[in-house]
Amino acid sequence: MAGRYVVLSDIHLTVPHAWAAFRDQIELGALLSHLAAQPSLTLVLAGDTFDFLMLADYDGFDASKSAARLEAILTHPGNAPVLAGLRAVAAGGHNVVLLAGNHDPEVLQPDVRAAFAARTGLAPQRLGGDTVLYEPPGRSPVWGYRIPAAAGDAWIVHGDRWDPSNFIDRGAFVEAVAARRPVTLPPGSQLVHRVVRRLKRESYGWVDQVKPELGSVLPLLLYLDWTLATRVLKDEWGIGVR
């Protein structure tokens, strides 16, 4: 996969609902259709393309549900412009690299990748993904996508790799899913699943834009809405605040 590259990251596409963050399906579909008409290129979807954590019916990671969840996202009528754009990219003979992020580690699963290829019409040999780029001594490997260049290779790596509260070890994830072992998501994902979703439903639609989540969301909410913050702390973690 050499030549021209277009990199898109953190789209956070999910099944549309009242508190979903991404609302620009028409514009994204138009961009993808524009790219489809260009000379040969590689489209790199660099993680968090999809937001499984923000599915309205999400009840925790479950490898057996991942492919169906992706299907629900891609086939929802509200996301039709995006799917049409992806299908146009595939029909144009372009390559696509689908990388995992901390909101969509599911795209590391073979069945999810197969579902993505089938829905977009992308030939399997044109779909790239995460590989090990570097193995630092005593630390988890760096996963991502390598672009070779004469002046030096470029790496595309999703940002959770350097964020301890959101980091997902791709190798450990792949091994756990293959062995049908439970997968424990990082603290940041737990916060989104158990707290941020609830706050978005309860009038704080902007809360997922506050970064870093672990150090900011609850302190800010304690200032803005003491009653709601203390209720969330008690309900989700059994912490009483006076």
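The numbers in the working numbering rise by one with no breaks, and the one at position 33 of the sequence shown is 391.
We treat Cβ as the ideally placed atom computed from N, Cα and C, and that holds for glycine.
None of these values were measured; they are calculated from a predicted model.
- Following the DSSP letters along the chain, one finds Ala430 in no beta strand (DSSP E) but inside the alpha helix (DSSP H) bounded by residues 424-433.
- With 16 or more other Cβ atoms from the protein chains shown falling within 10 Å of its own Cβ, His461 counts as buried.
- If you check the CB distance, Leu586 and Leu579 come in under 8 Å.
- Residue burial is scored here from C-beta neighbours: Arg471 has at least 16 other C-beta atoms within 10 angstroms and is therefore classed as buried.
- Boundaries for Ala512: no alpha helix (DSSP H) harbours it, while the beta strand (DSSP E) harbouring it runs 512-514, taken from the DSSP string.
- The alpha-carbon of Val447 is positioned some 23 Å away from that of Trp513.
- Closest in alpha carbon position to Gly405, among Ser398, Leu393, Leu371, Ala414, is Leu371.
- Per DSSP, Val554 has no beta bridge partner at all.
- Less than 8 Å divides the Cβ of His434 from the Cβ of Pro374.
- Taken in chain order, the unbroken stretches of beta strand (DSSP E) that lie wholly in the stretch 440-484 and span 3 residues or more are 453-457.
- In the DSSP assignment, Gly502 falls within the unbroken beta strand (DSSP E) covering 500-505.
- Shown here, Val365 sits in a strand according to DSSP, grouped into three states.
- DSSP, read as helix, strand or coil, puts Val490 in strand.
- With respect to Gly361, Leu399 sits close: the two C-beta atoms are nearer than 8 Å.
- Put simply, the backbone Cα of Gly479 is about 31 Å away from that of Leu543.
- Exposed is the label assigned to Trp584, since fewer than 16 other Cβ atoms lie within 10 Å of its Cβ.
- The C-alpha of Ala509 is placed about 43 Å away from the C-alpha of Val554.
- Under DSSP, Ala404 shares a beta bridge with Leu457.
- Fewer than three beta-carbon pairs drawn from the stretch 382-396 and the stretch 419-426 are found closer than 8 Å, and the two stretches are therefore not classed as touching.
- The beta-carbon separation of Val364 and Leu393, rounded to 6 Å, stays under the 8 Å limit for a contact.
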